[in-house]
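**Q**
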Amino acid sequence: MLNWIERRTGFVSMTKDFLTEDIPGGASYWYVFGSATLFAMILQIVTGIFLTFFYAPSANTAYESTQAIYHNGFQHFVLSMHYWGASAMIALVFLHLLQVVIFGAYKSPREIQWIVGVLLLLVTMVLGLTGYLLPWDLDAYAASQVAINLTLQMPVIGQWIQYFAQDGTTLGTLTINRFFGLHVWLMPAALIALVGAHLAIFRWNGPAGPPVADPRPLKSGRFFPDQIFMDTVVSFGIFAIIVFLSFVFPPFLDLKADPANATFIPYPAWYFLDLFGLLNLMPGAFEVVGAIVIPGIATLILFLLPWIDRSTTRTTGSRKFILWLTAISLIIMLTLTFWSQHQIVVQEQTAPAPPPPAAATTTTATKTPASGGPVLGAAASATAGAAVFSTNCSSCHGALGQGTPGAFPPLANNPVVTGDPNKVIGIVLDGLHGAITVNGATYNGMMPSWKGTLSNGDVANVITYIRGSLGNKAGPVTKAQVDAYKP
Amino acid sequence: MSNDHRGPSAYDDPGTPEEITRRTFMANATITLSGIIGLGLAIPIIGSLIPKTGAGAITWSALDAAGFKQLQDSTNTPVQINFTLTGKDAYLPEQQSPESVWGVKVSMDKFKAARPDIYENPKGNVPYPAVNMGFAIFSPICPHLGCRYDYKPDRGMFACPCHGSTYDNDGKHLAGPATRGLDPLPLREQNGKAEITWIRYAPTIPDRIVVSYIN
């Protein structure tokens, strides 16, 4: 059978050639990181291909289709594997890079292999960045907005990079399509082409072996099965960890992307936390240093490393400067990462608690006030208020409470709305005219009096809604408070 | 394939019997572990691809009043009646789409005689009166392969443009590749309005199997 196939295709001898490779000094667990990264990439490609069966890139469907994925157990699991697989792949790329640097394996004749590797690192980071937007939830939107706006730090070309990244002047449905095209087609295609080149060059040069002055007298080991066995054991361990994390800690989906939400604090993925921390360290005018200059110099150093390292041998003793540079860079990156993570935890603890999800708020019991007659619980009141809002208020204040510039103030992130309830009740009951200033902007429209048009109950409901939704987090207002209002 | 700047190949030396045993074990372990990984990937992926097959909830849609009036005033000539179908396509918001059905004035006795595909095939029968208030309402979908058929007044029959199945005014299959007549839909009167239920039956087969109520 094998002979029959071999005569017609040459596949058997091709496979044998592929598996036959001498490993100087023998197989080692030091050498597994490249293969493990390749395994993570294949995992990402397989799970990613199937996620495109369920995901639809557009502002009207990105979040909805992602939600549908979350509602299907198997699809959610495939998504979880893709989510954790991304982290695994980036972690492994860095470990692979670290191993190559420690072993000095980028030195002649492997300079081009190294440069292709650095390009692969960059493509992997772009894949992480573009994938982050696709679920189109609050976090995806806000974090991507920040990432795209950071390009503006670059003089002249920054603006054009932003236009190109967004496909226009704002982050919207065209951006989703562009990021989808980048994440699903262009970057994976570049990744596969570069990995092909990386592996072909690897086979041309052969494995570098341990960092000794002269590896030639070392006894060789076999790639198959010795090294492949180790690669598979490690890949299996990584797969087991990804499956475990996907079961126990699946990612969660925030509320849908809402440009008007001003209270949401976006966080980058963990592999961008070092850059995030660097940026936070830079005061105002120096932001460009954190956003562009330092990452740019670091990337340039990576590309030029084979020429920066002037030592003639790969031994660690002759390369102390590079190894110290690596260690210090690593410590800085890890410190920035953990410091940023700490800042985020602190910020989350001091920020007001987000409103509980709709299902949970129904536990707010219906109370009977002293004046008699049942009133709605806060959640039911807000639900009723949402209907009042969309019928009576949204045409001027916007469906998301974003307001109309110059005329009608936003209700989202408006301190008056979330401030003294009596003042809000007064504005709704009696109306408001004349110029007002909200968050530094002036509005000169006219708010009608809703007394007589809306019942006091509906006034309470709609105020409860605008104070607790649209990104606001202030407490409810009851009908009794509206009844008791005096100008 | 590679530069020839190294010492003797590890593959030149077959190794001791212990080494050969160890290599066989490693090769088998590699294949086994890869197989487990493949299985661990295949199970959730195949599971994720299993489609939902529910037909959706039964709803009633009001027929266009003018169209229904035209049917009431008709003789035995079929009338196309428009209505708005509220559909739900997966995670998309509910959408309203213009639809139409065909109605024909016919007596119960005449219809029973004309439609053996309903009354003589137990699996082709429908759990509601196919003629109500003296009218039969037909789904506008050809039971052959799901095209929209049209009425040809000059020939006095329904004809499907795709593969030429034809049906008489009572929906009886006359010629062409279809295996049953036109599908009757439930008709009722509610608050002075004629309402129908949209039902899509499985095409090609002589039996009527509900596929969807919503689109």
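Chains as they are written, first to last, in my numbering: chain F, 768 to 1254; chain P, 117 to 331. The beta carbon of each residue, even a glycine, is placed where N, CA and C say it ideally should be.
#1: Listed from N- to C-terminal order along the chain, which residues in the stretch 159-173 of chain P have their beta-carbon within a distance smaller than 9 Å of any beta-carbon of chain F?
#2: Going along the chain, which residues of the stretch 246-265 of chain P sit with their C-beta nearer than 8 Å to a C-beta in chain F?
#3: Distance check for Thr936 (chain F) and Ile325 (chain P), CA to CA, integer angstroms please.
#4: Under 8 Å by Cβ, that's how I've got Pro1035 (chain F) and Ala910 (chain F) pegged, so tell me the actual separation to the nearest angstrom.
#5: Can you give me the Cβ contacts of Val220 (chain P) inside the same chain, cut-off strictly under 6 Å, excluding the 5 residues immediately before and after it?
#6: In chain order, what residues of the same chain have a beta carbon less than 8 Å from the beta carbon of Ala1174 (chain F), not counting five sequence neighbours either side?
#7: On the DSSP bridge list, what partners appear for Trp218 (chain P)?
#8: Should Ile234 (chain P) be labelled buried (16 or more other beta-carbon atoms within 10 Å of its own) or exposed?
#9: Pick helix, strand or coil for Asn380 (chain P), following the three-state DSSP scheme.
#10: So what does DSSP say about Lys168 (chain P), is it helix, strand or coil?
#11: Please tell me whether Ser125 (chain P) has its Cβ less than 8 Å away from any Cβ of chain F.
#12: In angstroms, rounded to a whole number, what distance separates the CA positions of Asn331 (chain P) and Ala229 (chain P)?
#13: Relative to chain F, which residues along the stretch 141-155 of chain P have a C-beta separation below 8 Å, given in chain order?
#14: If you follow the alpha helix (DSSP H) that His849 (chain F) is in, where does it begin and where does it stop?
#15: Give a yes or no on whether 8 Å exceeds the smallest Cβ distance from Val1015 (chain F) to chain P.
#16: Phe821 (chain F) lies in the beta strand (DSSP E); which residues open and close that run?
#17: State the CB to CB distance for the pair Leu298 (chain P) and Tyr283 (chain P), rounded to an integer number of angstroms; the pair is presumed to be in contact (CB under 8 Å).
#18: Check the Cβ-Cβ distances between Thr1130 (chain F) and every residue of chain P, and say whether any is below 8 Å.
#19: With a cut-off of 8 Å, does the C-beta of Leu157 (chain P) fall near any C-beta of chain F?
#20: Using CA atoms only, rank isn't needed, just tell me which of F:Leu941, F:Leu896, F:Leu919 is closest to Leu1040 (chain F).
#21: What first and last residue would you give for the alpha helix (DSSP H) that runs through Arg1234 (chain F)?
#22: Mind listing which residues of the stretch 988-1012 of chain F have their C-beta closer than 8 Å to chain P's C-betas, in chain order?
#23: Across which residues does DSSP place Tyr1210 (chain F) in a beta bridge pair?
#24: If you drop the 5 nearest sequence neighbours on each side, which residues of the same chain put their C-beta closer than 7 Å to that of Ile1111 (chain F)?
#25: Let me make sure I understand the geometry here. Which of F:Phe1070, F:Asp998, F:Pro1182, F:Glu1054 has the alpha-carbon closest to that of Gly801 (chain F)?
#26: How far does the alpha helix (DSSP H) with Ile312 (chain P) in it reach, from first residue to last?
#27: What are the boundary residues of the beta strand (DSSP E) that Met273 (chain P) is part of?
#28: Kindly list, in the order they appear in chain P, the residues whose Cβ is closer than 7 Å to that of Val845 (chain F).
#29: Touching or not, the stretch 1232-1248 of chain F and the stretch 1183-1192 of chain F, by the rule of three or more beta carbon pairs under 8 Å?
#30: Please return the same chain residues whose Cβ sits closer than 7 Å to the Cβ of Pro982 (chain F), not counting the five positions on each side in sequence.
#31: Count the other CB atoms, across all protein chains shown, that sit within 10 Å of the CB of His289 (chain P); report buried if there are 16 or more and exposed otherwise.
#32: Residues of chain P with a CB under 9 Å from the CB of Glu831 (chain F): which are they?
#33: Have a look at Thr1080 (chain F) and Thr1093 (chain F) and give me their C-alpha separation to the nearest angstrom.
#34: So with CB distances below 7 Å, who are the chain P contacts of Ala835 (chain F)?
#35: Check whether the Cβ atoms of Ile197 (chain P) and Gly183 (chain P) lie closer than 8 Å to each other.
#36: Using a Cβ cut-off of 8 Å (strictly closer), state whether Val1183 (chain F) contacts chain P.
**A** So, from the data block:
#1: Ile159, Pro160, Ile161, Ile162, Gly163, Ser164, Leu165, Ile166, Lys168
#2: none
#3: 52 Å
#4: 6 Å
#5: Pro194, Ala252, Asn285
#6: Cys1163, Tyr1210, Asn1211, Gly1212
#7: P:Gln196, P:Phe254
#8: buried
#9: What is shown of chain P runs 117 to 331, which leaves residue 380 (chain P) out entirely.
#10: coil
#11: yes
#12: 31 Å
#13: Met142, Ala143, Ala145, Thr146, Leu149, Ser150, Ile152, Ile153
#14: 840-870
#15: no
#16: No beta strand (DSSP E) contains Phe821 (chain F), which DSSP labels as neither H nor E.
#17: 5 Å
#18: Note that Thr1130 (chain F) scores a pLDDT of 34, beneath 50, so its modelled location is shaky; the value from the coordinates is reported in the next line. So, not an interface residue.
#19: yes
#20: F:Leu896
#21: 1223-1235
#22: Gly988, Arg989, Phe991, Pro992, Asp993, Ile995, Phe996, Thr999, Val1000, Ser1002, Phe1003, Phe1006, Val1010
#23: F:Ile1203
#24: Tyr1034
#25: F:Asp998
#26: That residue, Ile312 (chain P), is in no alpha helix (DSSP H); its beta strand (DSSP E) goes 309-312.
#27: 273-275
#28: Pro160, Ile161, Ser164
#29: yes
#30: Pro791, Gly792, Gly976
#31: buried
#32: Ala206, Tyr207, Leu208, Pro209
#33: 18 Å
#34: Ala206, Tyr207
#35: yes
#36: no
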